[in-house]
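The structure appears below as structure tokens.
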Amino acid sequence: MENVATDENWKTCFSQLAPGLLLFARQWARSSADAEDIVQEAFVRFWRKQHDIANRGLLYATVRSIALDFLRRDSRRARRESAAVSESDQMVQPMFEVEDESQRALVAALDLLPNEQREVLVMKIWNELTFAEIASALEISQNTAASRYRYALAALKKNLPSV
Amino acid sequence: MNDFSDIESKLRKLRPVQPSADLRTRIERALAEETSTRLRSATARQASTAGVLPRERRFHFNWLSLGLGLAAATALVLFAFLRLEGPAQKRSSLAAITPAPAFSTNSNAQFIPAGLTQVVYHTRDEGLHFNRNSDQPMRRLRSHTRETLQWRNPTTGASLRISYPSEEVSLVPVTGQ
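Chains as they are written, first to last, in my numbering: chain A, 1 to 163; chain B, 1 to 177.
Here it is in structure tokens:
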């Protein structure tokens, strides 16, 4: 991995990390547009502070922090628009490129997971973070991160009997 | 973890939605702006701005403050030394407005006593008292005073003055009528 701060070809880093970061940000954002705003701000802040891109725990912690700030700032609007957005937005702006019905069922089961389990799953599966990195980003212990991951997989398995 | 390997592989097959091309452009623009802002601020720092642009903050060691601080500390140490050294002498010169003594012949002395002022601003007669050791009654007088001590450095002309309140009780023998 390269350092964003000194990397002229930052687009490579962006291509590698952006989809996972976007998915991670979507845990708190109500739309893809909001998630992209969060990722943009995180990228720029990371670059500005010249952090090492190899420190992925810090990068995800930055995204999470910005997302939570965003959520707080946006709470008033969220209350006004809550029901309509949460339903229509999920349909119009999916988080995954679904290919078949089994994947659709899997995505639906993912949506049912508690947030704390889903964020660990997202970081582990689609961002390929280690439990140490996840623990660092979420400020939890590695054991807790691993437990949440196992609980999430167990819940998915339970909700998808065909798996 | 082997129990979950099948569901893990299914999850990995799910592809997250790719970010829009617009996001890439926005980040590129934001980073470019950040770079230009940094360059501008760096250039502004280097340029002579005549006070128009904010100047770079530097750590300035304030020698004047250090000197004043050291002088004050020296004066306090000297004062503490004088107080500890001669309480008896001080008591002997009480109740008098003493003129400034002659300058010390020792030219090395930094501060020499320059005066002692004792102002009695309140006296209260607390009545007659009979001491065990004396047959004669005594009148007890309580005085509130303010004493001011002053030192002066003849070399530099600097002076140090300290003032504090004090209370004194005196017993005056009552003469028979």
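Idealized CB from N, CA, C, for every residue including glycine. Computed from a predicted structure; not experimentally measured.
Residue environment, residue i, which counts as buried when at least 16 other CB atoms sit within 10 Å
{"i": "residue 60 of chain A", "result": "buried"}
{"i": "residue 165 of chain B", "result": "exposed"}
{"i": "residue 20 of chain A", "result": "buried"}
{"i": "residue 69 of chain B", "result": "exposed"}
{"i": "residue 62 of chain A", "result": "buried"}
{"i": "residue 120 of chain A", "result": "buried"}
{"i": "residue 40 of chain A", "result": "buried"}
{"i": "residue 99 of chain A", "result": "exposed"}
{"i": "residue 72 of chain B", "result": "exposed"}
{"i": "residue 67 of chain B", "result": "exposed"}
{"i": "residue 63 of chain B", "result": "exposed"}
{"i": "residue 124 of chain A", "result": "buried"}
Enclosing alpha helix (DSSP H) for residue i [first to last residue]
{"i": "residue 39 of chain A", "result": "32 to 48"}
{"i": "residue 57 of chain A", "result": "56 to 73"}
{"i": "residue 116 of chain A", "result": "115 to 121"}
{"i": "residue 142 of chain A", "result": "142 to 159"}
{"i": "residue 139 of chain A", "result": "Where residue 139 of chain A is concerned, there is no enclosing alpha helix (DSSP H), given that its DSSP letter is neither H nor E."}
{"i": "residue 10 of chain B", "result": "5 to 13"}
{"i": "residue 98 of chain A", "result": "From DSSP, residue 98 of chain A is part of no alpha helix (DSSP H); its letter is neither H nor E."}
Between the CA atoms of residue j and residue i - distance to the nearest angstrom
{"i": "residue 131 of chain B", "j": "residue 138 of chain B", "result": "7 Å"}
{"i": "residue 10 of chain B", "j": "residue 30 of chain B", "result": "37 Å"}
{"i": "residue 25 of chain A", "j": "residue 45 of chain A", "result": "15 Å"}
{"i": "residue 43 of chain A", "j": "residue 28 of chain B", "result": "10 Å"}
{"i": "residue 24 of chain B", "j": "residue 34 of chain B", "result": "15 Å"}
{"i": "residue 90 of chain B", "j": "residue 146 of chain B", "result": "Caution is warranted here: a pLDDT of 47 is assigned to residue 90 of chain B, below 50, making its placement in the model unreliable, and no coordinate value can be reported."}
{"i": "residue 131 of chain A", "j": "residue 142 of chain A", "result": "6 Å"}
{"i": "residue 159 of chain A", "j": "residue 31 of chain A", "result": "25 Å"}
{"i": "residue 133 of chain B", "j": "residue 65 of chain B", "result": "59 Å"}
{"i": "residue 155 of chain A", "j": "residue 47 of chain A", "result": "37 Å"}
{"i": "residue 14 of chain B", "j": "residue 40 of chain B", "result": "45 Å"}
Nearest to residue i (by Cα), restricted to the options the options
{"i": "residue 128 of chain A", "options": "A/36, A/29, A/55", "result": "A/55"}
{"i": "residue 111 of chain A", "options": "A/139, A/27, A/146, A/138", "result": "A/27"}
{"i": "residue 145 of chain A", "options": "A/122, A/109, A/17", "result": "A/122"}
{"i": "residue 14 of chain A", "options": "A/116, A/31, A/36", "result": "A/36"}
{"i": "residue 113 of chain B", "options": "B/129, B/154, B/127, B/123", "result": "B/154"}
{"i": "residue 139 of chain A", "options": "A/50, A/66, A/10, A/58", "result": "A/58"}
{"i": "residue 73 of chain A", "options": "A/113, A/104, A/38, A/22", "result": "A/38"}
{"i": "residue 33 of chain A", "options": "B/4, B/169, B/21", "result": "B/21"}
{"i": "residue 147 of chain A", "options": "A/133, A/117, A/157", "result": "A/117"}
{"i": "residue 50 of chain A", "options": "A/152, A/10, A/109", "result": "A/10"}
Start-to-end residues for the beta strand (DSSP E) that takes in residue i
{"i": "residue 14 of chain A", "result": "That residue, residue 14 of chain A, is in no beta strand (DSSP E); its alpha helix (DSSP H) goes 10 to 25."}
{"i": "residue 114 of chain B", "result": "112 to 130"}
{"i": "residue 147 of chain B", "result": "137 to 152"}
{"i": "residue 162 of chain B", "result": "159 to 173"}
Proximity test, residue i beta-carbon vs the ligand MN heavy atom, cut-off 7 Å
{"i": "residue 125 of chain B", "result": "For the ligand MN, the structure offers nothing, since it holds no ligand at all."}
Expected contact under 8 Å - CB spacing of residue i and residue j to nearest Å
{"i": "residue 79 of chain B", "j": "residue 160 of chain B", "result": "7 Å"}
{"i": "residue 96 of chain A", "j": "residue 29 of chain A", "result": "So it is not a contact: roughly 15 Å between Cβ atoms."}
{"i": "residue 16 of chain B", "j": "residue 126 of chain A", "result": "6 Å"}
{"i": "residue 64 of chain A", "j": "residue 18 of chain A", "result": "Wrong, their Cβ atoms sit about 16 Å apart, outside the cutoff."}
{"i": "residue 174 of chain B", "j": "residue 150 of chain B", "result": "No, residue 174 of chain B and residue 150 of chain B are not in contact; Cβ-Cβ is about 37 Å, not under 8 Å."}
{"i": "residue 126 of chain B", "j": "residue 152 of chain B", "result": "No, residue 126 of chain B and residue 152 of chain B are not in contact; Cβ-Cβ is about 38 Å, not under 8 Å."}
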